[in-house]
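Chains as they are written, first to last, in UniProt numbering: chain A, 1 to 335; chain B, 1 to 297; chain C, 1 to 320; chain D, 1 to 310. Following: one structure in structure tokens, then a few remarks.
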Amino acid sequence: MSNELLKIKNLKTSFRIDDEYYAAVDDVTLTLNKNEILGIVGESGSGKSALAFSIMRLHTRAKIEGEISLNNQNIVKMPKSKLNKIRGDEMAMIFQDPLTALNPLMPIGRQIEENLFLHNKKLGQQGRKKRTIELLNLVGIPRPERVYEQFPHELSGGMRQRVIIAIAIANDPELLIADEPTTALDVTIQAQILDLIQELKQKIHAGIILITHDLGVVAEMADRVAVMYAGQIVEIAPVDKLFANPLHPYTRSLLNSVPTEGQDRLHVIQGVVPTLKNLPRTGCRFAERIPWVDASHHEENPDLHEVEPGHFVRCTCYKHFYFPDNKEEQENGVS
Amino acid sequence: MEANTAKIAEQKSPSSLNILLRELVRDKLALVSLIFLILITAFVFGISLFLNQAEIVTVDLFAINEPPSDQFILGTDYGGRDVFGQLIIGTRNSLAIGFLVTVISGVFGIAFGVVSGYFGGHIDNFMMRIIDFFMVLPFLMIIIVFVTMTPSYDIFTFAVIMAAFNWMGIARLIRSKALQEKELDYAQASKTLGSSNFSIIFKQVLPNITSLIIVTMTLNLAQNIGIESGLSFLGFGFPEDTPSLGTLLAYATNPQTLEFRWWIWVPAAVLILLLMLSVRNVGEALRRAADARQRRG
Amino acid sequence: MWKFIVRRLLITFPQIVFLSVLVFIMAQLMPGDALTGLIDPTITQEALEIQRERLGLNNPWYIQYADWVTGLVQGDLGQSYRFKTDVTAVISERLNNTVLLSVVALVFTYLIAIPLGLISGRYNDSPLDSAITGYTYLGFATPIFIFALVILWIFGYQLGWFPTSGSVAPGMQPGTMEYYLSKLNHSLLPGISIALISVVGTVQYLRSEIVDTKQKDFIITARAKGASENRVYNRHIFRNSVLPIAAFFGWEITSLITGTVFVERIFGYPGMGLLFLESIGQRDFSVVTALTLLFGIASILGALLSDIILGMVDPRIRIK
Amino acid sequence: MAFLDVKDLQVYFPIKGGILNRTVDHIRAVDGVSFELEQGKTYGLVGESGSGKSTTGRAIIGLEDVTSGQVLFNGKDVTDKKAKTKDFRKDVQMIFQDPYSSLNPRKRVLDIVAEPLRNYEKLSKLEERKRVQELLDIVNVSSDSIFKYPHEFSGGQRQRIGIARAIALKPKLIIADEPVSALDVSVQAQVLNFLQEIQKELNLTYLFISHDLGVVKHMCDNISIMYKGRYVEQGSTKDIFENPQHIYTKRLIAAIPDIDPKNRERQFKFRQEIAKEYRESYDRYFDGNGLAFGLQSISSTHKVALPEKG
């Protein structure tokens with residue numbers, strides 16, 4: 001048997017704006033293995049969070065097409081009752097904003113217990129409480145008995161994020177989706193939370209999808225990385241290959257715009273991230289932001305090409321991409 | 001130079017009111033309501049010029065409680081007074097007083113709210129206590145007492161008394177909005193750019209709450225028309241002999257009138273409902289328009 | 001929590017003091033004084049002056065105020081000129097009726113408003129919601145006196161289902177079962193009239209609160225746990241939205257009082273509202289003053305109660 | 001004489017409490033901070049949320065009341081709000097974090113950028129427009145957008161409009177409060193590049209407040225690290241990154257994710273070591289209240305908060 005946990009095929013998630021559907025996630029295909037961390041990087045509007053919500057089927061008003069199968073069960077077509085059995089049990093999610101992701105009027109303990117109650121009926125009330133305290137311990141919360149009774153607003157942001165993680169891992173999920181789990185936190189807290197996620201991975205052997213805009217976080221955490229732009233995966237590769245040998249123009253531009261050692265000027269990507277409504281729907285979606293690359297170098301219908309084992313790049317334009325020198329960029333770069 | 005300023009003025013983007021009005025026209029129900037309001041206002045103010053109030057309120061014992069006829073389109077009341085004439089003048093009075101009260105309470109409430117919200121701290125604390133106190137007063141009774149007590153009582157005093165107990169809602173709303181706005185970076189930025197408090201309040205913060213003010217004032221207008229007719233209904237509204245919609249309705253507290261003389265009270269009831277609904281439709285449409293603009297901006 | 005209550009009480013006290021000052025000023029503005037209603041009209045001017053002096057009516061205003069407050073605290077609200085008896089006695093007769101009416105109105109308000117609000121909020125933008133929203137829209141624009149008149153006309157006169165005036169059928173023996181049933185029966189129509197209008201605010205609040213809560217992140221957390229839609233609504237959304245409603249009735253008291261004044265007038269229901277209107281019409285000012293004060297205190301205490309209840313149901317307020 | 005000299009700055013916020021809602025205690029947002037700025041350089045002020053870094057900047061420009069201490073600008077005392085002279089107000093400007101709320105949504109770009117000009121310079125309409133257009137040229141926002149409203153621009157463009165407004169009066173010092181943290185990486189690069197350019201052109205001094213050590217390292221000549229209202233370390237960028245002395249500085253540096261996956265193991269170990277050192281020698285770095293000690297010089301450029309010797 002393969003090690004494959006999650007398989008996404010031609011996923012398309014569309015939202016309705018003024019009576020028309022616009023795809024925020026467009027033709028995404030990827031797999032996640034057990035015990036693996038897949039990082040998904042992108043800027044705001046790239047569709048990375050929409051992808052995460054699609055996997056959990058948490059969108060209330062979206063059209064989802066394609067296939068998402070977790071342990072060979074197709075989530076897209078699953079009836080709600082079945083879905084509810086899987087959510088929180090086989091798959092779980094860690095959210096971005098610890099300030100709003102917890103019910104403000106419910107004690108911490110009850111919020112974790114709810115997840116146990118829903119998926120583990122055999123556990124009695126005592127058992128649930130015991131397990132909850134255990135979970136609070138596991139995610140590194142000091143004095144769990146006290147926190148059990150407290151309300152969310154009595155905890156710091158980092159502590160709340162730990163509670164959210166405790167809820168997510170309560171039933172030892174096989175798939176854990178972390179949607180920007182550290183964006184709202186301070187760096188030292190971020191480091192602690194990331195280390196905690198690594199540690200938990202060893203313990204529960206889950207497959208983890210880590211969504212972030214921070215290339216550093218991906219470099220530290222992921223086994224494989226997918227880079228998203230305008231709803232599509234533009235490059236996907238094992239982490240060392242992606243950072244050592246980035247190919248897609250977007251990946252390269254992104255890496256060059258982060259301050260690193262000995263860099264005088266940062267690279268600026270021309271133009272702006274297109275809004276959902278104005279997303280280019282044909283051809284290479286990144287083409288308009290690298291106008292110096294000749295149109296003939298782009299594919300008409302760009303596809304992912306395997307350039308080395310496990311390393312895929314969309315469109316052929318990467319072969320012809322170069323950074324124009326700073327002077328040229330200065331003249332027409334910023335708009 | 002002249003031409004240039006003119007060009008700047010020309011390009012000046014539409015004001016809040018303009019944007020709101022434009023949105024309003026798109027909303028069919030609100031548009032119908034607006035047209036109805038304009039027509040009825042023009043109608044009652046126009047017709048009442050030709051009506052003789054003294055004649056209408058004169059008791060005519062030979063024509064009491066007459067059903068609608070050619071002579072009296074909507075019949076007469078128990079004093080033989082023409083219901084139609086009372087209806088017209090009553091509507092005019094209700095609209096006028098509603099407008100007056102809304103303006104007086106609005107101006108005071110806005111000033112109070114902006115000052116309280118913008119300056120915050122102890123000033124705000126103190127001013128909020130005043131509002132809290134006014135909010136829990138049984139305002140209906142107190143207005144009635146003042147109405148009865150005031151020696152030289154006329155329409156304007158009535159408006160002032162009503163406004164005195166009706167400014168808190170808008171003050172509170174404006175205060176909380178001002179409190180939010182002044183914390184926003186743009187207001188903070190103005191401080192660092194050397195603008196005075198006065199200029200920040202009027203040039204920076206107020207433009208951001210004009211649509212809220214327009215919407216609230218419109219909804220208050222509906223409310224004030226309701227309160228006025230309510231007070232008149234109880235007999236503590238307009239000075240005696242001034243026709244009012246509420247007075248016509250008050251006749252219906254007589255079971256005979258309620259059961260058998262619909263022409264006296266039903267038209268007034270329908271008219272009050274239509275007025276309040278229309279004003280409210282316009283107000284709600286404005287609110288939706290303002291919200292939509294908020295989202296875009 | 002105790003700190004919160006004590007602090008809230010500290011705000012209440014000056015409110016009551018201010019109210020009493022306001023009412024006292026009103027009383028001073030009213031023509032006549034405590035003697036106006038009592039005295040034999042044939043009494044001489046000197047004797048009247050002696051009486052005035054004896055009752056302290058020539059004292060400076062602050063001493064009069066102090067005397068007045070002392071009286072109030074001891075339950076002395078003055079003399080009614082119309083009924084020639086203690087105001088306390090006059091009012092207590094009517095108090096029961098108004099309390100009954102208010103309770104009926106409140107009970108119906110909650111009975112109607114909560115289900116409507118929940119349905120409207122959960123199934124927002126459905127036809128059912130549109131119907132409910134349409135009703136609240138109309139209800140908001142309808143003054144209570146028009147509404148009550150129409151109700152009286154339809155159910156009282158046209159259909160004849162309910163009595164059209166009074167608080168009890170004539171000839172009933174107080175203390176009997178029939179007596180209480182008749183009282184209740186008389187309070188139903190006016191009570192429901194108030195309720196049908198006052199539900200509007202609660203329904204609108206509930207609806208917007210639920211629609212708002214629906215979009216909160218913690219609802220997504222709950223869904224991600226695998227909670228069914230019913231559970232999400234019952235455990236997370238409704239709970240969070242309905243709890244504050246428990247506190248609403250206190251704030252409703254002000255509008256409830258307004259409602260009873262109109263409704264008692266329309267239904268000829270002998271409560272405090274009607275007493276107020278009659279007294280002011282008959283220039284029985286000591287009763288007017290007393291009623292204004294009582295209504296004011298009721299509103300202040302109502303607000304106090306609401307704040308405290310809200311503090312109890314919402315931990316975020318409690319901790320502060 | 002230093003260009004800007006901050007001496008023992010304290011900013012306390014009252015905590016209301018008790019039954020009477022009196023001030024029962026204070027949050028010591030800034031608790032005795034001293035530093036000097038020289039003209040033309042960029043000073044980084046780094047710390048996590050609640051460290052008091054923003055409050056420090058806001059107190060200097062007068063958005064917060066100074067509890068005690070002194071702020072000297074070109075030798076003149078400008079601590080008190082009333083003492084802030086016209087010159088000071090013109091010379092010191094601020095760039096805000098959120099490009100969405102820092103521009104008044106009801107104002108046109110012209111009015112936004114012209115606001116400081118209207119307050120300090122009496123210009124005719126035509127002159128004013130010309131100046132605004134020049135400023136927009138400098139920040140690379142096309143000058144036909146002068147009659148547009150903020151919502152018609154992207155985040156990066158808005159931030160540049162905010163910068164145009166800040167440089168309208170040709171200031172000498174700009175306090176940049178997290179100027180890029182609300183922006184996407186690629187847009188962030190654009191604004192950072194641009195800040196560097198205008199610095200050269202206008203000989204600006206920056207007080208660059210940020211939580212992002214990477215950005216600060218890229219931008220600044222000098223860095224100060226703040227923790228709970230106090231400075232824990234101050235030095236040249238080289239001092240801070242190559243020779244961090246205070247455990248808190250080390251923790252911050254260790255927490256930055258390394259962009260090279262090859263260093264992953266090393267970084268993880270480093271973090272573990274620092275965590276261990278933090279646990280074991282906490283008392284060496286923090287006093288009984290968990291606050292940093294006073295700064296001690298360890299070289300001509302480098303100061304660290306350590307207990308006084310002896």
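Using N, Cα and C, we set each Cβ at its ideal position, and we do this for glycine too. In this text, all values refer to a predicted model and were calculated from it rather than measured experimentally.
- Counting C-beta pairs closer than 8 angstroms gives three or more between the region 180 to 191 of chain A and the region 209 to 221 of chain A, which meets the contact rule.
- Where Y137/C is concerned, the enclosing alpha helix (DSSP H) starts and stops at P127 to A141.
- Nothing from the region 223 to 238 of chain D brings a Cβ to less than 9 angstroms from some Cβ of chain A.
- Unbroken beta strand (DSSP E) stretches of 3 residues or longer found wholly inside the region 261 to 322 of chain A: 304 to 308 and 311 to 314, given in chain order.
- Take the alpha-carbon of Q157/D and the one of N140/D: they are about 9 angstroms apart.
- With 16 or more other CB atoms across the displayed protein chains lying within 10 angstroms of its CB, G45/A is buried.
- Note on geometry: alpha-carbon atoms of D177/D and E121/D lie some 26 angstroms from one another.
- A check of alpha carbon separations from L245/B across N220/B, N18/B, Q86/B and L39/B identifies Q86/B as the nearest.
- A295/A sits exposed, since fewer than 16 C-beta atoms from the chains shown fall within 10 Å of its C-beta.
- Cα atoms of H236/C and I94/A: separation of roughly 19 angstroms, rounded to the nearest angstrom.
- Taken in chain order, the whole alpha helix (DSSP H) runs of length 4 or more contained in the region 1 to 78 of chain D are 53 to 61.
- Chain A has no Cβ within less than 8 angstroms of the Cβ of K183/C.
- Listed in chain order, the non-local C-beta contacts of G88/A below 7 angstroms within the same chain comprise N115, L118, H119 and N171, local neighbours out to five positions each way being set aside.
- Inclusion of T237/D and K217/D in the CB contact set at 8 angstroms is warranted, their separation being smaller than that value.
- One alpha carbon belongs to I38/B, the other to D18/A, and they sit about 33 angstroms apart.
- Using a Cβ-Cβ distance cut-off of 8 angstroms, the region 144 to 153 of chain A and the region 250 to 258 of chain C are not in contact, since fewer than three pairs of beta carbons, one from each stretch, lie closer than that value.
- Judged by DSSP secondary structure, E149/A falls within the alpha helix (DSSP H) whose first and last residues are P144 to E149.
- No Cβ of chain B is located within less than 8 angstroms of the beta carbon of T221/C.
- Annotation note: the region 90 to 132 of chain D contains the following uninterrupted beta strand (DSSP E) runs of length 3 or greater, listed N- to C-terminal: 92 to 95.
- One Cα belongs to V168/C, the other to M177/C, and the distance between them is close to 12 angstroms.
- For M30/C, the nearest beta carbon of chain B is closer than 8 angstroms to its own beta carbon.
- Residues of chain B whose Cβ lies closer than 9 angstroms to the Cβ of D80/D do not exist; the shortest such Cβ separation is about 15 angstroms.
- Secondary-structure assignment with DSSP links K7/A through a beta bridge to T31/A and S69/A.
- Exclusion of the five residues before and after K48/A leaves I40, G42, I211 and M228 as the residues of its chain whose Cβ lies within less than 6 angstroms of its Cβ.
- Taking 4 residues as the shortest admissible run, the region 176 to 240 of chain A contains the following complete alpha helix (DSSP H) segments, listed from N- to C-terminal end: 187 to 204 and 215 to 221.
- Annotation: L51/A to M226/D spans about 38 angstroms, alpha carbon to alpha carbon.
- Residue-level contact check: Q86/B does not touch chain D, since none of the beta carbons of chain D fall below 8 angstroms from its beta carbon.
- Considering only beta carbons, the part of the region 138 to 171 of chain D lying closer than 7 angstroms to chain A consists of N140 and S154, in chain order.
- Under the 8 angstroms criterion on CB atoms, L179/B is classed as non-interfacial with respect to chain C.
- The beta carbon of R264/D sits closer than 8 angstroms to some beta carbon of chain A.
- In terms of Cα proximity to D82/B, the closest of T91/B, R92/B, P68/B and F36/B is P68/B.
- Comparing alpha carbon positions, the residue from S102/C, N97/C, V21/C and V99/C closest to I63/C is V21/C.
- A direct Cα-to-Cα measurement between L207/D and F321/A gives close to 37 angstroms.
- The residue from P98/A, D27/A, E36/A and L11/A with its alpha-carbon nearest to that of Q198/A is E36/A.
- The beta carbon of D307/C lies closer than 6 angstroms to those of R8 in the same chain, with the five residues before and after it left out.
- Using a 10 angstroms sphere on the CB of H302/D, the tally of other CB atoms reaches 16 or more, which defines it as buried.
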